[in-house]
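Report on the following structure.
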Amino acid sequence: MDLKFKDFKLDEKIFEGLDAMGFEKPTPIQQKAIPLILEGKDLIGIAQTGTGKTAAYLLPVMSLLLSNPRAENQIGALIIAPTRELALQIDTAFQGFAYFAGLSSAAIYGGGDGAGFDVQKKALTSGTDVIIATPGKLISHLNLGYVKVQQLHTLILDEADKMLDMGFMDDINKIISALPKKRQTLLFSATMPPRIRELSAQVLHEPEQINIAISQPAAGIFQGAFMVYDMQKVKLIKHLLQSKPLKSVIVFCSKKTEVKEIEKELQGLSLKVQSMHSDLEQTERENVMNNFRNRTTNVLVATDIVSRGIDIDGIELVINYNLPSDAEDYIHRIGRTARGSSTGVAFTFVNPKELGNFHKIESLIEREIKKIQLPESLGEGPAYISIEDYKKMPRSGPSRHSKGGNKGRPQRNNKK
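Every letter in the sequence shown is one number past the one before it in my numbering, and letter 166, counting from 1, is 699.
Shown next as structure tokens:
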């Protein structure tokens, strides 16, 4: 069935906003989630990044608030998100959808000044239709005793698995303990590990569950891997960025020290390069993301702080300078490209020490990532070892293979 947003029983004011923004056909998770949320049911939504889950919960929650307005000086709906970047993005999306609806929102996150704190306090005390908050900052306000959540309609936990990975479980439990027991609760996550099942059992009441393409990269992403020694990585990045005109690229590094080093290395290119990491102040982070969103910055070098929830269209290339520690994070990283129905490219650099993690990624996505030959100017890279051969190696094998990092005679990279 070819559904359109008009087929849902949303408030007419929501349709005005959708029409103005050019939204016509819902994504699969929106098709399944919107009717259930409108019925007032609790929901577990499991969906990969880039599937449209923000609109999947915002649109019906807004419609419910229009038909059942919040009490005076109260908060209507509370959205908890793991990072300030995601909280700001959700707030921006809300403001677009709610342009004709007359609903209010506020983003609550850390890193601001005293004036920002006062603005947040006012939103939490005078009443706001939707609050989008990071756990730690909301706890700070809750501890001061003025947050008006006694008659909350809906709680949304977005990127729940990421919040647990970041150690927010205790904060989430404390927030939930302050909320009314009779409420609608929606939990969205990219994965469904045991801890998420435990959390959902604690906070949701007879929830419906939706699963959309769990743990699979978008079909429009071309995935390729280069076997490299560490000393070849920077040269390879420069080669890739200079091979063709690129307007929007993300380079992911696992450590902020690497982010800073790569940013300096790439400053000499004709492309505008900026970095994103936890050492930046909030205003600096917002400026960096705005520059990248507006294409003032072409290359963003970042930690996994931007691997989830950053919805920017037109990112052409994602480069994994090194592998994430968790195979799931690979999917979130490369999911920054090929948003919606578009296409994109994701290249991953793999040194001999990372082969084990690389094989875990291939197992998770149930496909072999194409191995690409290094450019001749970079010399030969290490040999690729298949997962079957890797399993046969003695426990000391991988360490022996990579001993000395870039030392020893390099072996030819097998072209696949």
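Where a beta carbon is used, it is the ideal one built from N, C-alpha and C, also for glycine.
Between the options, which lies nearest to residue i when the distance is taken from Cα to Cα?
| i | options | result |
| --- | --- | --- |
| THR881 | ILE918, VAL761, ILE848 | VAL761 |
| LEU802 | VAL792, PHE627, ILE770, MET764 | ILE770 |
| ASP544 | ASN601, THR876, GLU731 | ASN601 |
| ILE709 | MET725, LEU688, THR724, LYS565 | LEU688 |
| GLN683 | THR560, GLN607, MET595 | GLN607 |
| GLU909 | ASP837, LYS768, PRO561 | LYS768 |
| PRO568 | GLY555, ALA553, LEU591, THR584 | LEU591 |
| ARG869 | LYS805, PHE785, ARG828 | PHE785 |
Rounded to the nearest angstrom, how far is the Cβ of residue i from that of residue j, given a contact under 8 Å?
| i | j | result |
| --- | --- | --- |
| ILE845 | ARG826 | 5 Å |
| LYS797 | SER811 | About 18 Å; that fails the 8 Å criterion. |
| HIS853 | ARG866 | Residue identity differs from the one stated: residue 853 is Asn in this sequence, not His. That pair is a contact at about 6 Å. |
| ALA634 | ILE547 | 6 Å |
| VAL839 | MET809 | 6 Å |
| ILE641 | ILE665 | 7 Å |
| LEU856 | GLU899 | With a Cβ gap of about 18 Å, LEU856 and GLU899 do not count as contacting. |
| VAL663 | GLY609 | 6 Å |
| GLU692 | PRO615 | 5 Å |
| LYS654 | HIS674 | 7 Å |
What do you get for residue i, buried or exposed, if any count of 16 or more other CB atoms within 10 angstroms of its CB means buried?
| i | result |
| --- | --- |
| LYS537 | exposed |
| ASP575 | buried |
| LEU728 | It should be noted that the sequence gives Arg, not Leu, for residue 728. It is exposed - the Cβ of ARG728 has fewer than 16 other Cβ atoms within 10 Å. |
| ILE765 | In the sequence on display, residue 765 carries Gln and not Ile. Buried, by the Cβ-count rule. |
| GLU814 | exposed |
| ASP703 | exposed |
| ASN744 | exposed |
| ASN706 | exposed |
| GLY573 | exposed |
| SER932 | In this prediction, SER932 has a pLDDT of 43, which is less than 50 and means its spatial position is unreliable; what the coordinates show is noted afterwards. Counting Cβ neighbours within 10 Å, SER932 comes out exposed, since fewer than 16 surround it. |
| GLN717 | buried |
| SER951 | Only positions 534 to 949 of the chain appear in this structure, which leaves residue 951 out of reach. |
| SER896 | exposed |
| ALA620 | buried |
| GLN775 | exposed |
| SER858 | exposed |
| HIS892 | buried |
| GLU618 | buried |
At 3 residues or longer, what runs of the beta strand (DSSP E) sit wholly inside the stretch 700-787? Runs found: 717-722, 741-745, 754-760, 782-785.
Using 8 Å as the threshold, is the stretch 898-913 in touch with the stretch 750-758, meaning 3 or more CB pairs across them? Yes: at least three Cβ pairs fall under 8 Å.
Restricting to runs no shorter than 3 residues, where is the beta strand (DSSP E) found entirely within the stretch 860-936? Counting whole runs of 3 or more residues, the stretch 860-936 contains the beta strand (DSSP E) stretches 877-883.
Is the stretch 619-633 close to the stretch 546-560, with three or more CB pairs under 8 Å? Under the three-pair Cβ rule at 8 Å, the stretch 619-633 counts as touching the stretch 546-560.
Length at least 4, wholly inside the stretch 544-630: the alpha helix (DSSP H) runs in chain order: The DSSP assignment places complete alpha helix (DSSP H) segments of no fewer than 4 residues inside the stretch 544-630 at 545-554, 561-571, 586-600, 617-630, in order along the chain.
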